[in-house]
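Only one structure is covered here, and it is reproduced in the block below.
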Amino acid sequence: MPSSARDPLHRLVSFDARPRYWRPLVAVEGSLVAALAAVTVAVAALDHNTAVEPLYDILLRAVLFYAPPVLGAICAVLDGGLLQAIALGTVPALVWALAIVVGDAVQAVLSIPAAIPDSPLWAIAGTALVIGVVSALAGFAVGRAGLLVWGRRGSGGEAA
593 MPSSARDPLH RLVSFDARPR YWRPLVAVEG SLVAALAAVT VAVAALDHNT
643 AVEPLYDILL RAVLFYAPPV LGAICAVLDG GLLQAIALGT VPALVWALAI
693 VVGDAVQAVL SIPAAIPDSP LWAIAGTALV IGVVSALAGF AVGRAGLLVW
743 GRRGSGGEAA
């Protein structure tokens, strides 16, 4: 007997299914994360240049906080797995932390005096990581619940 026939939860919440249109979903997140990484390196290397900082503020909020729940919901609606939704919530925070380190290294190479941060990077990156994962899971749950409601509504309409 297949595992999906034995386990109704696996049928509702697949852990390893790859969503339809996986490549465009990854491309959208990849382009957002790449833009954030480039702007983060520029801001860190240029010691918070005022010309780039407004773009950094917008991209930081959009990529770390607003994109994971939306992408998690899209992943669920496109029949994606839970692991893919978690990955979509994890990648932005990890790449952002790496971009901060690269920006600081570029700043050291250019001999620009470094500003002393208020908090350690691991604390900020860890918080962003937790927020990304939890919001991606919440988005996945909302997307999956929407699919279930839509399916029940469709089957209820046919029976009536």
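Under the numbering used here, the first residue of the sequence shown is numbered 593, with each subsequent residue one higher.
Beta carbons are placed, not taken as given, at the ideal position from N, Cα and C, and that holds for glycine.
Exposure of residue i, with buried meaning 16 or more beta-carbon neighbours within 10 Å
i: residue 631; result: buried
i: residue 728; result: buried
i: residue 646; result: exposed
i: residue 616; result: exposed
Close beta carbons around residue i, own chain, < 6 Å, minus the five adjacent residues each side
i: residue 691; result: 629, 632, 633
i: residue 626; result: none
Residue i (DSSP reduced to helix, strand or coil)
i: residue 703; result: coil
i: residue 733; result: helix
i: residue 740; result: helix
i: residue 613; result: coil
i: residue 646; result: helix
i: residue 660; result: helix
i: residue 549; result: This structure leaves residue 549 out entirely; the chain is present only between 593 and 752.
Beta-carbon contacts of residue i that lie in its chain and below 7 Å, excluding the five residues immediately before and after
i: residue 732; result: 664, 665, 667, 668, 674, 677
i: residue 685; result: 656, 717, 720, 721, 724
Residue i vs residue j beta-carbon contact at 8 Å
i: residue 637; j: residue 698; result: yes
i: residue 656; j: residue 614; result: no
i: residue 635; j: residue 695; result: yes
i: residue 670; j: residue 621; result: no
i: residue 659; j: residue 624; result: yes
i: residue 715; j: residue 661; result: no
Boundaries of the alpha helix (DSSP H) in which residue i is found, first to last residue
i: residue 654; result: Residue 654 -> no alpha helix (DSSP H), and no H or E assigned at all.
Cβ-based neighbour list, residue i, same chain, cut-off 8 Å, excluding 5 preceding and 5 following
i: residue 726; result: 681
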